[in-house]
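Asker: Chains as they are written, first to last, in full-length UniProt numbering: chain A, 1 to 335; chain B, 1 to 335; chain C, 1 to 335; chain D, 1 to 335. We treat Cβ as the ideally placed atom computed from N, Cα and C, and that holds for glycine. Structure provided below as structure tokens; questions to follow.
4 protein chains.
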Amino acid sequence: MTTVSILGASGYVGGELLRLLAAHPSFDVGPCFANSNAGQPMANLHPHLSLAYPGKSFAPFDISLLQGSDLIFAALPHGETQRLADALTGSGARIVDLGADFRLNSAEDFEAWYGEPHQRPDLLGQFIYGLPELHRDRIRNARWVASPGCYPTAASLALKPLIDAGVVESTGVIVDAASGVSGAGRAASAGTHYCGVEGSFRAYGLTRHRHTAEMEMNTGAEVLFTPHLMATSRGILATCYARATGKHDPLAILRDAYADEAFVHVGEALPETKWATGSNAAFLSARFDKRTGTVVALAAIDNLGKGAAGQMIQCANLMFGLDETAGLSRVGVYP
Amino acid sequence: MTTVSILGASGYVGGELLRLLAAHPSFDVGPCFANSNAGQPMANLHPHLSLAYPGKSFAPFDISLLQGSDLIFAALPHGETQRLADALTGSGARIVDLGADFRLNSAEDFEAWYGEPHQRPDLLGQFIYGLPELHRDRIRNARWVASPGCYPTAASLALKPLIDAGVVESTGVIVDAASGVSGAGRAASAGTHYCGVEGSFRAYGLTRHRHTAEMEMNTGAEVLFTPHLMATSRGILATCYARATGKHDPLAILRDAYADEAFVHVGEALPETKWATGSNAAFLSARFDKRTGTVVALAAIDNLGKGAAGQMIQCANLMFGLDETAGLSRVGVYP
Amino acid sequence: MTTVSILGASGYVGGELLRLLAAHPSFDVGPCFANSNAGQPMANLHPHLSLAYPGKSFAPFDISLLQGSDLIFAALPHGETQRLADALTGSGARIVDLGADFRLNSAEDFEAWYGEPHQRPDLLGQFIYGLPELHRDRIRNARWVASPGCYPTAASLALKPLIDAGVVESTGVIVDAASGVSGAGRAASAGTHYCGVEGSFRAYGLTRHRHTAEMEMNTGAEVLFTPHLMATSRGILATCYARATGKHDPLAILRDAYADEAFVHVGEALPETKWATGSNAAFLSARFDKRTGTVVALAAIDNLGKGAAGQMIQCANLMFGLDETAGLSRVGVYP
Amino acid sequence: MTTVSILGASGYVGGELLRLLAAHPSFDVGPCFANSNAGQPMANLHPHLSLAYPGKSFAPFDISLLQGSDLIFAALPHGETQRLADALTGSGARIVDLGADFRLNSAEDFEAWYGEPHQRPDLLGQFIYGLPELHRDRIRNARWVASPGCYPTAASLALKPLIDAGVVESTGVIVDAASGVSGAGRAASAGTHYCGVEGSFRAYGLTRHRHTAEMEMNTGAEVLFTPHLMATSRGILATCYARATGKHDPLAILRDAYADEAFVHVGEALPETKWATGSNAAFLSARFDKRTGTVVALAAIDNLGKGAAGQMIQCANLMFGLDETAGLSRVGVYP
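Right under this line is the structure:
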């Protein structure tokens, strides 16, 4: 068995990792770190895990506790992985990091979108971008992986094959997406209060959401990205618009691109986020609108699944030479 | 008092009309028609109205019962107003129709988008389009008004002043919108089952939703419209994209356009649908994204309020020379 | 016009008071106090009120600002009204307080249920309990009113006539109730995070919720009360169980008791909380189960309406000799 | 591998069975029957299953297709299993039936609660009641099992050990429970329309819900049962009240009763339905209220998991000598 440590184990992504690892055939859960909740029983934060991890508690981060870990899953607040980079990379364990710290290739882009200089530009090129459908072979051989966020995963899966195939132009791309509230994390705030979300829908981060940078890096296109908050706990739907070149049927291109993928379904049916809930699946579709010369491409995922914990495990499966689907589901909990 | 008849009184729009009319100072509810539910006590379909309309029942449609009505609100299934046009227009009462039957100016456009020839093209020019912020004076003098649907109301309020002022180009406009389930009406179907909507989000009617025609008519722009179904009962958010000309600040233009409007709020804050729930208010905002040369304009309304029953009453207030705000609220039920 | 001050104006009850007062024919909104949010524009906390109160801000509490107020609505955190009692009662204004501070008749009961001695037992008998259906005449003549909370309002309306009429025994009464999240107030916390509430249901405060004391005071019965948190923003449903004496039909007794009430509907139909959303209505029903010898009585209200702000205004209408229904709706916003 | 047929495969329970079987190590999905949806691609009804069952369709029921099946899961409309009893029992396959047809021991009780005579009283004693925590050994040796519904599962798990241990009296027991909408099945109706459920809560089936009979059979107590419909897709919370004898701590009794159970968690924390979503877990707690002499016991399950499909598979695991937990999760999808 491979021993896995989790950093940021008390958050929603941490909880989802623990849920999935409870059924993983080859990964064994080792120390679970959660600084602000250190010392607390896991059941206080993750009551749904009570039967799977009886008596387990969160530990304060201590580098010596990483000894014996073969794999580190990091789901930390922004900036923390940069700060801990020496400790983590020096541990000898493989790393799958969900933070944005090492996702971008360029320190300039990082500073432009995150508004602060990167602390460890020397490491930027050494983390492999963890989207298996795009970089499977590099992930297989990676020591360190930076797993993409939920929005870029959805948008890149929908757009990348279309741009690569020349189905659409690479300027003027619009990604209009909606996310469930768990994407905002576990911290209680005015924005995550039940009463402000139930029965409502709103845009946020208009024109300057940081995930734009990843979408542009992955697709090579210029992207305007508008995220919305929707009244669900989980789910991402990305509705992507791009000017058609008229050369190919976008749906056929997507079918082709993902024909051999275990977790990607391409079909005529317009995808719904709930189809993916609790799973690592991505549901895609696309249409060409001749009247306006536009391609609309859609992707639905679970932001905590394929958009976070599921994808981290998918990457780790590759890194350890396991069946890529080990411990992961392709079927959402529906309805 | 002005006596009002309602056609389609058992539906959601009918119920919202009845709720608002219960507090209207000048309109008195007369016969309420509801063919499929004729004979049923109103409380069976609208239990929330029990205290306001004790003992009232729905009647089967009978033209003779329209005698004595000064005003007819029609909230009928598609095509019904065309079929009843002679009876309604011949009754002598003023009419506010929520159907799509007489909204478009052109029989060609109707046929192109609705897939069937218009039955009464002779009447098309005689119904005034009931969006008071655009056509107030014409509505004041109208006998017959065709009140716009929820999506065109939201999108047109957000886009029309920007296009008129030359802030954005009139081609390549995208309207990406989300609606609450009540927009699909009261009929039970797979698509409105609670379990398929809760926790989910999906696009529908891709590239060919009929409301596109109204948006194009109102704004003069070429529009690609993508509606989504969201997990709320009420609310519309329209997120509109258009290529900027760079000439003006879109927010300033919107503020200017609606400075004197009782029901339209323009502000920096990104609008949320719940702010408008149960009211006739519209909340607007806009941003110019210099990086991609795009304007994003947003509008939030209640699809049953400003998007249906509220707007119908606003039109009727104008038609009868009343205070435009009579019986209407500018404050949503929040949270 | 009567000038009204609001204490605790930035909370959910404050927002609901402001929403209702915007349409009240005789009450005019004066200073709005909100200590923790003092200085903030009202639109930051209550964006839905933007069109009704443009430019208005919250003030820090200052007793001198109460001069000129004829009426004070207090919706303060627990204990605050006791602390401010001299300032408020000395202001000369009439007071409607939503806090629990002056609801109970007995200082002993207060200490038993609230776990702390009452600071102003001298004033306990001087606040009239603000449930108009039970104490209309006393409220009419009151200077100071302590308006009941949402759970006791629902449970007392359902149970009091049955106990008074001897339909049920006064021991072994169980009130099993569910509340929307707004009852927990605006403060962000783990318990009000969207993700922990959506798709879930739970009991809380088992066997010792403080509102039990009010239910027992109002009905004269011994009550075991179990509140639940449900995945809605608003609404209370109280399902009440009591051993039948077999003497009378409980539904007939309720119909009789509330025949002349403007805001109480008694019917065969089992009440749903949404019928009352945004209104001051209460929907009641009851059944006698011969098999087990039990009466089940149900009441549905909006916890922010008849359970808070609506009832406060109903009391104030009585205190100022106005029509009891002024500014209040009997029709919920449904669906 | 064991070949499994599913009757009623297009419903919600059918979908959940298929979801779980996709990951089951020993059960292989054979023919899936769905009369009203016969011939349809499975993906039309269960789009979330698209990746797991590509190309699979529903078959019309045909007894000859059962040849080769070792196990039949039946999730049929009420009465159908009685009608098909000869075909099913004659097939030689083992049967796990979710219908109510063979759950009760007594034809008299069946007629009293279901309002119709039982068609096959001869078979009543031959179906074993499929609640493993109560009847594990009998299930292990059963050919035919009648798996209990969601409400009786939750209530019986919470109450049975308390009644058996004499902690509570066996008369005057009240089960007040709330269910998610999926319990009402997939059929679209006024009662399952999104708009009537979102933001609402209501009781139904007052005093005479059919599941009462099972609760009484399982616990030996006289039970008054009140189900409620809550605004979630999944989940059951049963809040049970019974008069305490004062002899024992109810929580200790429950801990003891379920100490060795894989799927039952007993704890101080009040259970929330979402902890169990998508899993076969049951979360229990209990309190003794000395003041009123009452025990309150609570159980939370997923109505489609431990309340339906999960429990059916748990029974089948026992019947086939497999690990009882095979293919089942003890961890809910949370948040």
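Measuring alpha carbon to alpha carbon, tell me which residue in B/Arg208, B/Ala242, B/Val96 is nearest B/His228.
Answerer: Checking every option, the nearest Cα to that of B/His228 belongs to B/Arg208.
Asker: Going by beta-carbon coordinates alone, are B/Ser285 and B/Gly332 separated by less than 7 Å?
Answerer: No, the pair does not count as a contact, with Cβ atoms beyond the cut-off.
Asker: When you compare the CB positions of A/Ala34 and A/Phe58, do they come within less than 7 Å of one another, or not?
Answerer: Yes.
Asker: Determine which residues of the stretch 169-194 of chain A have a Cβ less than 9 Å from any Cβ of chain C, and write them out in chain order.
Answerer: Taking 9 Å as the Cβ-Cβ cut-off against chain C, the residues of the stretch 169-194 of chain A that qualify are Gly180, Val181, Ser182, Ala184, Arg186, Ala187, Ala188, Ser189, Ala190, Gly191, Thr192, His193, Tyr194.
Asker: Give the range of the alpha helix (DSSP H) segment to which A/Asp302 is assigned.
Answerer: It is not in any alpha helix (DSSP H) - A/Asp302 carries neither H nor E in the DSSP assignment.
Asker: The beta strand (DSSP E) with C/Arg140 in it runs from where to where?
Answerer: Note, C/Arg140: premise wrong, no beta strand (DSSP E); alpha helix (DSSP H) at 132-140.
Asker: Where do the ends of the alpha helix (DSSP H) carrying D/Pro161 lie?
Answerer: Note, D/Pro161: alpha helix (DSSP H), 150-164.
Asker: Which residues in the same chain have their Cβ closer than 6 Å to the Cβ of B/Thr171, if we skip the five residues on either side of it in sequence?
Answerer: Same-chain partners within the cutoff: Glu222.
Asker: What are the boundary residues of the beta strand (DSSP E) that includes residue 336 of chain D?
Answerer: Residue 336 of chain D lies beyond the range of chain D shown here (1 to 335); nothing can be said about it.
Asker: Going along chain D, which residues have a C-beta under 8 Å from B/Gly327?
Answerer: Near B/Gly327 there are no residues of chain D at all, since even the closest Cβ is about 23 Å away, more than 8 Å.
Asker: Hey, could you find the ends of the beta strand (DSSP E) A/Thr212 is sitting in?
Answerer: Taken as a continuous stretch (DSSP letters only), A/Thr212 belongs to no beta strand (DSSP E), being part of the alpha helix (DSSP H) at 211-219.
Asker: Tell me the start and end of each unbroken beta strand (DSSP E) in the stretch 40-125 of chain B that is at least 3 residues and wholly inside, in chain order.
Answerer: As far as the stretch 40-125 of chain B is concerned, its whole beta strand (DSSP E) runs of at least 3 residues are 71-74, 94-97.
Asker: So what does DSSP say about C/Tyr204, is it helix, strand or coil?
Answerer: Note: C/Tyr204 maps to coil in three-state DSSP.
Asker: Let me check understanding here. Comparing Cα to Cα, which of D/Arg103, D/Trp275, D/Ala282 lies closest to D/Tyr258?
Answerer: Nearest C-alpha to D/Tyr258: D/Ala282.
Asker: Is it right to say A/His118 is buried, meaning 16 or more other beta carbons lie within 10 angstroms of its own, or is it exposed?
Answerer: A/His118 should be labelled buried.
Asker: Is B/Ser233 close to chain D, meaning its C-beta is less than 7 Å from at least one C-beta of that chain?
Answerer: Yes, its Cβ sits closer than 7 Å to a Cβ of chain D.
Asker: Where B/Arg140 and B/Leu318 are concerned, what is the direct C-alpha to C-alpha distance, given to the nearest angstrom?
Answerer: Spanning the two alpha carbons is a distance of roughly 5 Å.
Asker: Tell me which residue opens and which closes the alpha helix (DSSP H) that D/Val197 is part of.
Answerer: Note, D/Val197: alpha helix (DSSP H), 194-197.
Asker: CA-CA distance, A/Ser147 and C/Tyr53?
Answerer: Rounded to whole angstroms, A/Ser147 to C/Tyr53 spans 47 Å at the Cα level.
Asker: At a cut of 8 Å, does the stretch 62-82 of chain B reach the stretch 8-18 of chain B through at least three beta carbon pairs?
Answerer: Output reads yes: the stretch 8-18 of chain B touches the stretch 62-82 of chain B.
Asker: Give the DSSP-derived three-state secondary structure of B/Ala326 in the structure shown.
Answerer: Coil.
Asker: Pick out whichever of C/Ser200, C/Arg19, C/Arg186, C/Ile174 has its Cα sitting closest to the Cα of D/Arg243.
Answerer: Taking only the C-alpha atoms, the option nearest D/Arg243 is C/Ile174.
Asker: Restricting to Cα atoms, I'd like to know which of D/Gly130, D/Leu131, D/Asp137, D/Ser106 is closest to residue 336 of chain D.
Answerer: Because residue 336 of chain D is not part of the residues shown, which for chain D are 1 to 335, the question remains open.
Asker: For residue 337 of chain A, collect the residues of the same chain with a Cβ closer than 8 Å to its Cβ; drop the 5 residues on either side in sequence, then sort them by chain order.
Answerer: The question about residue 337 of chain A has no answer, for chain A in this structure spans 1 to 335.
Asker: Which residue comes first and which comes last in the beta strand (DSSP E) that contains C/Tyr241?
Answerer: Per DSSP, C/Tyr241 belongs to the beta strand (DSSP E) from 236-243.
Asker: Here's a check: name, in chain order, each residue in its chain whose Cβ is nearer than 6 Å to the Cβ of C/Glu16, leaving out the five neighbours to either side.
Answerer: Answer for C/Glu16: Leu304, Ala309, listed in chain order.
Asker: Name the DSSP bridge partner or partners of B/Asp28?
Answerer: Answer is B/Thr3, bridged to B/Asp28.
Asker: In chain A, what lies closer than 8 Å to D/Thr292 by C-beta?
Answerer: In chain order: nothing, as chain A lies at least about 28 Å away.
Asker: Do the CB positions of residue 336 of chain D and D/Gly149 come within less than 7 Å of each other?
Answerer: Limits of chain D in this structure are 1 at one end and 335 at the other, which puts residue 336 of chain D out of reach.
Asker: At a Cβ threshold of 7 Å, is A/Glu198 touching chain C?
Answerer: Chain C contact via Cβ: present.
Asker: At what residues does the alpha helix (DSSP H) containing D/Val264 begin and finish?
Answerer: Counting along the chain, D/Val264 falls outside any alpha helix (DSSP H), though it belongs to the beta strand (DSSP E) covering 264-266.
Asker: Residues in the stretch 262-286 of chain D with C-beta within 9 Å of chain A's C-beta atoms, listed in sequence order?
Answerer: Cβ contacts with chain A come from Ala262, Phe263, Val264, His265, Gly267, Ala269, Pro271, Glu272, Lys274, Trp275, Ala276, Thr277, Gly278, Ser279, Ala281, Phe283.
Asker: Alpha carbon to alpha carbon, how far is B/Glu133 from B/Pro271? Give it in angstroms, no decimals.
Answerer: Going from the Cα of B/Pro271 to the Cα of B/Glu133 covers about 19 Å.
Asker: By the 10 Å Cβ neighbour count, where 16 or more other Cβ atoms means buried, how is B/Glu214 classified, buried or exposed?
Answerer: Counting Cβ neighbours within 10 Å, B/Glu214 comes out buried, since at least 16 surround it.
Asker: In the DSSP assignment, find the beta strand (DSSP E) that holds B/Pro227 and state where it starts and stops.
Answerer: That run of the beta strand (DSSP E) goes 223-230.
Asker: Mind checking who D/Thr294 pairs with in its DSSP beta bridge?
Answerer: Answer is D/Arg243, D/Asp289.
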